[in-house]
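*Asks:* One structure, pasted below without further comment.
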Amino acid sequence: MRQVTEALLQLLRDGGRGALAIVVRTSGSAPQVPGARLLLRDDGSFVGTVGGGAIEESVLAELRTCLVDGKPRTIRRDLGGDLGMCCGGRMEVFVEIVESTPRLVIFGAGHVARPTASFARTCGFEVWVVDDREELNTEERFPGCTRVLDEPLAAVERIAPRSDDWLFVVTHDHALDEEALDRYARLPHRYLGLIGSRRKVFRILHRLSVRGPLPPLDRVYAPVGLDLGAVSPEEIAISVLAELVALRHGRPATHLRAIDDPRVQRVLAGELTAEAAAALDE
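Quick note, the numbering used here runs 114 ahead of the 1-based positions in the sequence shown.
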């Protein structure tokens, strides 16, 4: 147990992400006791045990799923009936995501950066703002944020990008956006968003491809944000934060509107109770 605790603390210190399983209840003959833990890191390595064998493989599968969708869950297994283990008892295991406070690094301190930083802090992000313009990158404009008075490329060592970082490139210069994208896409990150039109994105990617091998683009979101028809800096910031929150929780960012759901008509006709209709989503 101590080994798992130390590994968990180190994971959080390093800004990492993982999924933790804790045995909460057992009955009959079981290979582990309540309190036993298993930590799966996002790089696939793990520490601890919930009993080995088939139950451990089953829990590891749930941990991997949890890393993808971010949803906590309680799993119950009949060791004999479900898994064919000779123990024959039952185990109940709780699984949840463990991660450090998410960090959003905003490259640029202009009109869009300001509301983005404000909304991000409200949503629980630690916010860094990188811009060498002293008149814009101020405590007054970015209260509670870590401010780096430097250009994006010169700030790499100060920022020390981590695998769970959320990066948003929104500088005052297209050439600087291009250089920042090329540099930071090659460094650890969970998300990298680039502001601009599709035409701007196409041109930047074309120029980068001419210069040499493109950086990895699997976690690059360009243009940044969800398609909300945003125009003002505040609306653009909302579209960016909506994208971040959806990705952070592994959601598809679709409407929650239920009026057109066939179950609504069944509820209205008295064929289905509201509780029963809602339970179908669980």
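Virtual Cβ for every residue (Gly too), placed ideally from N, Cα, C.
What you are looking at is a predicted structure, and each value in this text was computed from that prediction instead of being measured.
Less than 7 Å between the C-beta atoms of G132 and L152, yes or no?
*Replies:* Counted from its first residue, the sequence shown places residue 132 at position 18. Counted from its first residue, the sequence shown places residue 152 at position 38. No.
*Asks:* Considering only residues of the same chain and omitting the five flanking positions on each side of R300, which have a CB-CB separation below 8 Å?
*Replies:* In the sequence shown, counting from the first residue as 1, residue 300 sits at position 186. Closer than 8 Å at the Cβ level, and outside the excluded window around R300, lie P329, P330.
*Asks:* Which runs of the alpha helix (DSSP H) fall wholly inside the region 210–282 and span at least 4 residues, in chain order?
*Replies:* Within the region 210–282, the complete alpha helix (DSSP H) runs of at least 4 residues are 227–236, 270–273.
*Asks:* When burial is assigned at 16 or more other CB atoms within 10 Å of the CB, is P145 buried or exposed?
*Replies:* Along the sequence shown, one-based indexing puts residue 145 at 31. Under this definition P145 is a buried residue.
*Asks:* At the level of alpha carbons, what is the spacing between G195 and E171?
*Replies:* Numbered from its first residue, the sequence shown carries residue 195 at position 81. Numbered from its first residue, the sequence shown carries residue 171 at position 57. One C-alpha to the other measures close to 16 Å.
*Asks:* According to DSSP, simplified to helix, strand and coil, what is T163?
*Replies:* Locating residue 163 in the sequence shown gives position 49, where the first residue counts as 1. If DSSP states are grouped into helix, strand and coil, T163 belongs with coil.
*Asks:* Which ranges would you report for the alpha helix (DSSP H) in the region 296–382 if only whole runs of at least 4 residues count?
*Replies:* 312–325, 347–362, 376–382
*Asks:* Compare the Cα-Cα distances from V397 to each of Y305, H303, P327, D296 and report the closest residue.
*Replies:* A query on residue 397 cannot be resolved here, the shown segment of the chain reaching from 115 to 396 and no further.
*Asks:* Would you say V118 faces chain B, with C-beta separation under 7 Å as the test?
*Replies:* Given the protein chain composition of this structure (a single chain), no chain B is represented.
*Asks:* CA-CA distance, D279 and R217?
*Replies:* Sequence index remark: in the sequence shown, residue 279 carries index 165 (1-based). Sequence index remark: in the sequence shown, residue 217 carries index 103 (1-based). Whole-angstrom Cα-Cα distance: 5 Å.
*Asks:* Count the other CB atoms within 10 Å of the CB of M199; is the residue buried (16 or more) or exposed (fewer)?
*Replies:* Position 85 of the sequence shown holds residue 199. Answer is buried; the Cβ neighbour count reaches 16.
*Asks:* If you follow the alpha helix (DSSP H) that V137 is part of, which residue opens it and which one closes it?
*Replies:* Position 23 of the sequence shown, counted from the first residue, corresponds to residue 137. No alpha helix (DSSP H) contains V137, which is instead part of the beta strand (DSSP E) from 131–141.
*Asks:* When DSSP builds the beta bridges, which residues end up paired with V207?
*Replies:* Taking the first residue of the sequence shown as 1, we reach residue 207 at position 93. V207 is bridged to V137, I189.
*Asks:* Beta-carbon separation of A231 and C259 under 7 Å?
*Replies:* Along the sequence shown, one-based indexing puts residue 231 at 117. Along the sequence shown, one-based indexing puts residue 259 at 145. Their beta carbons are under 7 Å apart, which means A231 touches C259 by this criterion.
*Asks:* Straight-line CA distance for L168 to R191?
*Replies:* Working through the sequence shown from its first residue, we reach residue 168 at position 54. Working through the sequence shown from its first residue, we reach residue 191 at position 77. Reading off the sequence, residue 168 comes out as Ala, not Leu. Distance between the alpha carbons of A168 and R191 is about 10 Å.
*Asks:* My output table needs one value for L197: the three-state DSSP class, helix, strand or coil.
*Replies:* In the sequence shown, counting from the first residue as 1, residue 197 sits at position 83. Coil, per DSSP.
*Asks:* What would DSSP say about L181, mapped onto helix, strand or coil?
*Replies:* As a first step, residue 181 is located in the sequence shown; it is residue number 67 there, counting from the start. Here L181 sits in helix by DSSP.
*Asks:* Could you check the C-alpha separation between A372 and R235 for me, to the nearest Å?
*Replies:* One-based indexing of the sequence shown puts residue 372 at position 258. One-based indexing of the sequence shown puts residue 235 at position 121. Computed Cα separation, rounded: 30 Å.
*Asks:* Which of helix, strand or coil does DSSP assign to L123?
*Replies:* Counted from its first residue, the sequence shown places residue 123 at position 9. Three-state DSSP puts L123 in a helix.
*Asks:* If I follow the unbroken beta strand (DSSP E) through L386, where does it start and stop?
*Replies:* In the sequence shown, counting from the first residue as 1, residue 386 sits at position 272. L386 -> no beta strand (DSSP E), and no H or E assigned at all.
*Asks:* Taking the Cβ atom as the reference point for each residue, do A269 and D245 lie within a distance shorter than 7 Å?
*Replies:* Reading the sequence shown from its first residue, position 155 is the one you call residue 269. Reading the sequence shown from its first residue, position 131 is the one you call residue 245. Cβ distance not < 7 Å, so A269 and D245 don't count as in contact.
*Asks:* Check each candidate in G166, F160, L193 and name the one with the smallest Cα separation from R178.
*Replies:* Here residue 178 refers to the residue found at position 64 when the sequence shown is read from its first residue. Distance from the Cα of R178 is smallest, within the candidate group G166, F160, L193, for F160.
*Asks:* How long is the line joining the alpha carbons of R333 and L382, rounded to whole angstroms?
*Replies:* Residue numbering aside, residue 333 sits at position 219 when the sequence shown is read from its first letter. Residue numbering aside, residue 382 sits at position 268 when the sequence shown is read from its first letter. R333 and L382 have their C-alpha atoms spaced approximately 44 Å apart.
*Asks:* If you draw a straight line from the alpha carbon of R254 to that of R321, how long is it in whole angstroms?
*Replies:* By 1-based counting over the sequence shown, the position of residue 254 is 140. By 1-based counting over the sequence shown, the position of residue 321 is 207. Reading off the sequence shown, one finds Glu at residue 254, where the question assumed Arg. Between E254 and R321, the C-alpha separation is close to 37 Å.
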